[in-house]
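Below: one structure, written as structure tokens.
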Amino acid sequence: MLAGGAVLVAGLITFPLGMLALAEVLMALAALSRYRNPQAFDAAAVVLRDFLFGSAHRYRAYGPNSIDTQNLMRSEGIQQIVHRIAANCLPTRTSGNTGTGSWEALRYIPHDLMVSPIGGQVGGDLVHWHRREGILYLQIENIAGANSFFFHAVPDVPEGYNAPFNSIHQEYSMRLPDPCAAR
595 MLAGGAVLVA GLITFPLGML ALAEVLMALA ALSRYRNPQA FDAAAVVLRD
645 FLFGSAHRYR AYGPNSIDTQ NLMRSEGIQQ IVHRIAANCL PTRTSGNTGT
695 GSWEALRYIP HDLMVSPIGG QVGGDLVHWH RREGILYLQI ENIAGANSFF
745 FHAVPDVPEG YNAPFNSIHQ EYSMRLPDPC AAR
């Protein structure tokens, strides 16, 4: 029983340390491309810092013209979501929900580290969309929490605690040209 407990404790210590090391490697790789968009890189680094240390605001909203939203629009995940909406254009379908899963988003990290550090930080998300008068409106909800960061191996820190790995609830609002308008 003692050996099993030691293995469990060792696993509980090394898994988070390994994930932190992975995060640091990813941020170091992103730093190589920082010259491309230093404001977006800095914004992603601030969210990572706030998440790791449990500091700052837990609820954040980003409007269509914010640096964060503009950079997220360049992410592979958002590009794929717009392609999915465009592939299913119907005159009667003007709204819906879609998103990017965590494992799908993981595949996009090499692209997003170079092009969209915010996209690399957001990862998987839930997207509510609607089309009106030639505009595609996207409302993206993301929880940057322990559950997502550790690939669903641990639960999020409960609300009401001010601790490292606190969840940061993010909401992005986007306006894009409607890919269905020309059809």
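Under the numbering used here, read the sequence shown as residues 595 to 777, first letter to last.
Note that CB positions come from ideal geometry on N, CA and C, so glycine has one too.
Buried or exposed: which applies to D636, given that a residue is buried once 16 or more other Cβ atoms fall within 10 Å of its Cβ? Within the sequence shown, numbered from 1, the residue matching residue 636 stands at position 42. So D636 ends up on the exposed side.
If we count the other Cβ atoms within 10 Å of its Cβ and call it buried at 16 or more, is W697 buried or exposed? For the purposes of this step, residue 697 is identified with residue 103 of the sequence shown, where counting begins at 1. Looking at its Cβ environment, which holds fewer than 16 other Cβ atoms inside 10 Å, W697 is exposed.
Q684 in three-state terms, based on DSSP: By 1-based counting over the sequence shown, the position of residue 684 is 90. Residue identity differs from the one stated: residue 684 is Leu in this sequence, not Gln. Correct three-state label for L684: coil.
With respect to the alpha helix (DSSP H) encompassing N741, which residues constitute its N-terminal and C-terminal limits? By 1-based counting over the sequence shown, the position of residue 741 is 147. Unbroken alpha helix (DSSP H) run through N741: 740 to 743.
What residues match up with Q786 in a beta bridge as DSSP calls it? One cannot answer for residue 786 here, as it falls past the ends of the chain, which runs 595 to 777.
What's the call for Q633, buried or exposed, on a 16-neighbour Cβ count within 10 Å? As a working note, residue 633 is residue 39 in the sequence shown. Exposed, because fewer than 16 other Cβ atoms sit within 10 Å of the Cβ of Q633.
Output yes or no for whether 7 Å exceeds the beta carbon distance between L680 and P773. Within the sequence shown, numbered from 1, the residue matching residue 680 stands at position 86. Within the sequence shown, numbered from 1, the residue matching residue 773 stands at position 179. Correcting the residue type first, residue 680 is Ala in the shown sequence and not Leu. Contact: yes.
From the DSSP output, in three-state form, read off P771 for me. The residue given as residue 771 occupies position 177 in the sequence shown. DSSP places P771 in strand when its eight states are reduced to three.
Express the C-alpha separation of A747 and V676 in angstroms, rounding to a whole number. Working through the sequence shown from its first residue, we reach residue 676 at position 82. Working through the sequence shown from its first residue, we reach residue 747 at position 153. Spanning the two alpha carbons is a distance of roughly 30 Å.
Integer-rounded CB distance, given that P711 should sit under 8 Å from A638: For this step, residue 638 is matched to residue 44 along the sequence shown. For this step, residue 711 is matched to residue 117 along the sequence shown. Going by Cβ atoms, the distance from A638 to P711 rounds to 4 Å, so yes, they are a contact pair.
Which one or two residues does DSSP pair with I729 in a beta bridge? For the purposes of this step, residue 729 is identified with residue 135 of the sequence shown, where counting begins at 1. Answer is R726, P771.
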